[in-house]
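>
2 protein chains.
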Amino acid sequence: MDAPGPPRPGPRRTLTEQDLLDAAFRLLDRGGPRALSVRALASEVGLTPNAVYTYFPTKDALVAAVTDTLLGRAPVAVLTDAGRPWRDRVIAFALGLRSLLLDHPGTVPLLLASGFRGPHALAVGEGLLAALGDGGLVPDDAARASYALTTHLLGTVALDVAEPDPAEPDGTGSRGTGAARDEEARAARRTRELRALPADAAPRTVAAAAAVGAYNTTTQYRWGLERLLDGVCGDAASDS
Amino acid sequence: MDAPGPPRPGPRRTLTEQDLLDAAFRLLDRGGPRALSVRALASEVGLTPNAVYTYFPTKDALVAAVTDTLLGRAPVAVLTDAGRPWRDRVIAFALGLRSLLLDHPGTVPLLLASGFRGPHALAVGEGLLAALGDGGLVPDDAARASYALTTHLLGTVALDVAEPDPAEPDGTGSRGTGAARDEEARAARRTRELRALPADAAPRTVAAAAAVGAYNTTTQYRWGLERLLDGVCGDAASDS
DNA sequence: AGATAATTCTGCACACCGTACAGAGAGCGC
DNA sequence: GCGCTCTCTGTACGGTGTGCAGAATTATCT
Numbered sequence: 067m068d069a070p071g072p073p074r075p076g077p078r079r080t081l082t083e084q085d086l087l088d089a090a091f092r093l094l095d096r097g098g099p100r101a102l103s104v105r106a107l108a109s110e111v112g113l114t115p116n117a118v119y120t121y122f123p124t125k126d127a128l129v130a131a132v133t134d135t136l137l138g139r140a141p142v143a144v145l146t147d148a149g150r151p152w153r154d155r156v157i158a159f160a161l162g163l164r165s166l167l168l169d170h171p172g173t174v175p176l177l178l179a180s181g182f183r184g185p186h187a188l189a190v191g192e193g194l195l196a197a198l199g200d201g202g203l204v205p206d207d208a209a210r211a212s213y214a215l216t217t218h219l220l221g222t223v224a225l226d227v228a229e230p231d232p233a234e235p236d237g238t239g240s241r242g243t244g245a246a247r248d249e250e251a252r253a254a255r256r257t258r259e260l261r262a263l264p265a266d267a268a269p270r271t272v273a274a275a276a277a278v279g280a281y282n283t284t285t286q287y288r289w290g291l292e293r294l295l296d297g298v299c300g301d302a303a304s305d306s
Numbered sequence: 067m068d069a070p071g072p073p074r075p076g077p078r079r080t081l082t083e084q085d086l087l088d089a090a091f092r093l094l095d096r097g098g099p100r101a102l103s104v105r106a107l108a109s110e111v112g113l114t115p116n117a118v119y120t121y122f123p124t125k126d127a128l129v130a131a132v133t134d135t136l137l138g139r140a141p142v143a144v145l146t147d148a149g150r151p152w153r154d155r156v157i158a159f160a161l162g163l164r165s166l167l168l169d170h171p172g173t174v175p176l177l178l179a180s181g182f183r184g185p186h187a188l189a190v191g192e193g194l195l196a197a198l199g200d201g202g203l204v205p206d207d208a209a210r211a212s213y214a215l216t217t218h219l220l221g222t223v224a225l226d227v228a229e230p231d232p233a234e235p236d237g238t239g240s241r242g243t244g245a246a247r248d249e250e251a252r253a254a255r256r257t258r259e260l261r262a263l264p265a266d267a268a269p270r271t272v273a274a275a276a277a278v279g280a281y282n283t284t285t286q287y288r289w290g291l292e293r294l295l296d297g298v299c300g301d302a303a304s305d306s
């Protein structure tokens, strides 16, 4: 994708930027956001810490590259998949991007901190605008809807990732990507905890314990998504 | 509010927890999230760093106390203000909480990291459930809507705070709370930047440059809020 | 009353963090 | 060949959270 650039003087690098990014994902997936340090990354790829600075000028730049690389794996293709209703495309994309992020929970805090500013984030925005345009929205409303979808997604994954992991409550920020992320079991446990709350502390929350316990589930996310799209498509969508 | 507790042996403390929390807010407002370190806090209140650990067992606990304290200032009263339409109440509350968080942007990354788990977060949830219940939603739908509103809010403030501050681009994470946060000026500048983008990079984004530039504005937030509430109130709100 | 135990706070220490700086070696253009 | 530029190493600085030992203070028990 990127041009390899003209041959420059100096010794050839022993690694590519992509090697470092792969190693960064390995560290993040293994130990959460705190595990991505310049020193750990260097040792993971067999370099001296300062050698990393010949690949990325600063740690923030490294983090930005990591998050944008991840966004580059977003299933933007489904957004422009003609012959499929536009709303299906948006929902499929949103669900896909959500699972992508939750498959790498360690990256989520980094994404929230570095924003949605890279080239691949722009591509995501373009795709959403295309699909929403197909839905008949004028460009400005499509943009507003695109942003609402984005904030809904980011808020959702932020709260999901912030949920403490009962398996290893030592606060390392790590999180299993396999069986430990069984949504139903998590929801059931949360619901049980809610029902055990002191009686008068939060009566309405306890009364809706099943739905509250299921906050961080695909079902809840999809529900919000559908309601948002309902509102966007409604006839009241142009009062701004 | 909290019981002062029975008198315990040992010397009296020279400060209250609230003193430390106030100092923490001072540091956060002055220098952003990175400015809140145990050592900086200790020096701000005139203590040794380790003395802080007699007030909070760990830095994470301190951060949790900070974020929940902030949530305790959320305008929950408006949610149960009878004699005002429920929808108005929800919107007023959401706008109020958003400005509260944006008035202390340094706390937002901490809130995202520590989740929405404290007692005051629970109170916010209760208030939302009450107002949404007044809107005629069954408890489970009220809960789902409450969560959707929360994620929308958190995603919004997350992206807002992540926006780099052009005034001091040195990445300290600080942010002016006064004139530097003039929404219209910021939106205009963003729109200008978008229009200067390479022609074929993101045509749809450029075509909607005015709306995209206005992403981090109250207007955009309110638009998403209204659309979400439209969808929640619609007749299609019970397909789950 | 005095002894005991609990608590606050100090000082030192450790391991880790991002990264600035100086220098060695490698590879290209002249 | 020379010289420039780039990659990578080593050392170092100031910062981080926090564990541990000890002094001082106070409430409780005998």
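Residue numbers (our numbering), protein chains in the order written: chain U, 67 to 306; chain B, 67 to 306. All C-beta atoms, glycine included, are put in the ideal place defined by N, C-alpha and C. Please read all numbers here as calculations on a predicted model, not as lab measurements.
1. Please report how far the alpha carbon of U:A155 lies from the alpha carbon of U:L219, in whole angstroms.
2. Quick one: what's got a C-beta closer than 6 Å to U:Y121's C-beta in the same chain, skipping five residues either side?
3. For B:R258, decide whether its Cβ has a neighbour in chain U, counting only Cβ atoms nearer than 9 Å.
4. Give a yes or no on whether 9 Å exceeds the smallest Cβ distance from B:T308 to chain U.
5. What's the call for U:G193, buried or exposed, on a 16-neighbour Cβ count within 10 Å?
6. Can you list, in chain order, the stretches of the alpha helix (DSSP H) that have 4 or more residues and sit fully within the stretch 112-193 of chain U?
7. Three-state secondary structure (DSSP) at B:E229?
8. Using a Cβ-Cβ distance cut-off of 9 Å, determine whether U:D296 contacts chain B.
9. Note the first and the last residue of the continuous alpha helix (DSSP H) segment covering B:L93.
10. Short of 8 Å in beta carbon distance, which residues of its chain neighbour B:I157, apart from the five on each side in sequence? Order them along the chain.
11. Counting pairs of beta carbons, one from the stretch 195-207 of chain B and one from the stretch 253-270 of chain B, are three or more of them closer than 8 Å?
12. In chain U, which residues lie less than 9 Å from B:Y119 when you measure between Cβ atoms?
13. Does the distance from the CB of U:L102 to the CB of U:L94 come in under 9 Å?
14. Can you give me the Cβ contacts of U:T80 inside the same chain, cut-off strictly under 7 Å, excluding the 5 residues immediately before and after it?
15. With a cut-off of 9 Å, does the C-beta of B:E292 fall near any C-beta of chain U?
16. For my contact list, B:L195 and B:S180 are in at a C-beta cut-off of 8 Å; report their separation, rounded to the angstrom.
17. Kindly list, in the order they appear in chain U, the residues whose Cβ is closer than 9 Å to that of B:F182.
18. For B:A245, count neighbouring C-beta atoms within 10 Å of its own C-beta (all shown protein chains included) and say buried if the count is 16 or more, exposed if not.
19. List the residues of chain U that B:P75 touches, going by C-beta distances under 8 Å, in chain order.
20. Which chain B residues sit within Cβ distance under 7 Å of U:T222?
21. Taking only beta-carbon positions, decide if U:T271 is within less than 9 Å of chain B.
22. Between the C-alpha atoms of B:E229 and B:N282, what's the straight-line distance to the nearest angstrom?
23. Rounded to whole angstroms, what is the Cα-Cα separation between U:A127 and U:A273?
24. What residue range is occupied by the uninterrupted alpha helix (DSSP H) comprising B:T284?
25. When the distance is taken between beta carbons, is U:L168 closer than 9 Å to U:V227?
26. What span of residues does the alpha helix (DSSP H) with U:R256 cover, start to end?
27. Put B:A196 into one of helix, strand or coil per three-state DSSP.
28. Applying the criterion that 16 or more other CB atoms from any shown protein chain within 10 Å of the CB defines a buried residue, is U:A251 buried or exposed?
29. On the criterion of 16 or more Cβ atoms from any shown chain inside 10 Å, does B:R78 qualify as buried, or is it exposed?
30. Quick check: the Cα distance between B:N116 and B:A89, rounded to an integer number of angstroms?
31. Could you tell me whether any Cβ in chain B is nearer than 9 Å to the Cβ of U:V209?
32. Confirm, please, whether the CB-CB distance from U:H170 to U:F91 is below 9 Å.
33. Output the distance between the C-alpha atoms of U:R139 and U:A131, rounded to the nearest integer angstrom.
34. Name the residue from U:V142, U:A268, U:L198, U:T257 whose alpha carbon lies nearest to the alpha carbon of U:G279.
So, to answer that:
1. The sequence as given places Arg at residue 155 of chain U; Ala does not occur at that position. C-alpha separation (whole angstroms): 15 Å.
2. Around U:Y121: E83, L86.
3. no
4. In this structure chain B extends from 67 to 306, so residue 308 of chain B is not present and cannot be described.
5. buried
6. 125-137, 152-169, 173-180
7. Here B:E229 sits in coil by DSSP.
8. yes
9. 83-97
10. R288, L291, E292, L295
11. no
12. What B:Y119 touches in chain U: nothing, since even the nearest Cβ is about 16 Å away.
13. yes
14. none
15. yes
16. Contact between B:L195 and B:S180 fails: their C-beta atoms lie close to 22 Å from each other, not under 8 Å.
17. Here the neighbours are L225, A228.
18. Reliability fails at B:A245, whose pLDDT of 46 lies under 50, so the model's placement of it is uncertain and the value that follows must be treated cautiously. So B:A245 counts as exposed.
19. Chain U residues near B:P75: none, gap ~30 Å exceeds 8 Å.
20. T217
21. Yes - at least one Cβ of chain B is within 9 Å of the one on U:T271.
22. 9 Å
23. 46 Å
24. Note, B:T284: alpha helix (DSSP H), 284-299.
25. Contact flag set, yes.
26. 249-261
27. It is helical.
28. exposed
29. It counts as exposed.
30. Near 16 Å, if we compare the C-alpha coordinates of B:A89 and B:N116.
31. The amino acid at residue 209 of chain U is misidentified as Val; the sequence shows Ala. Yes, its Cβ sits closer than 9 Å to a Cβ of chain B.
32. yes
33. 13 Å
34. U:T257
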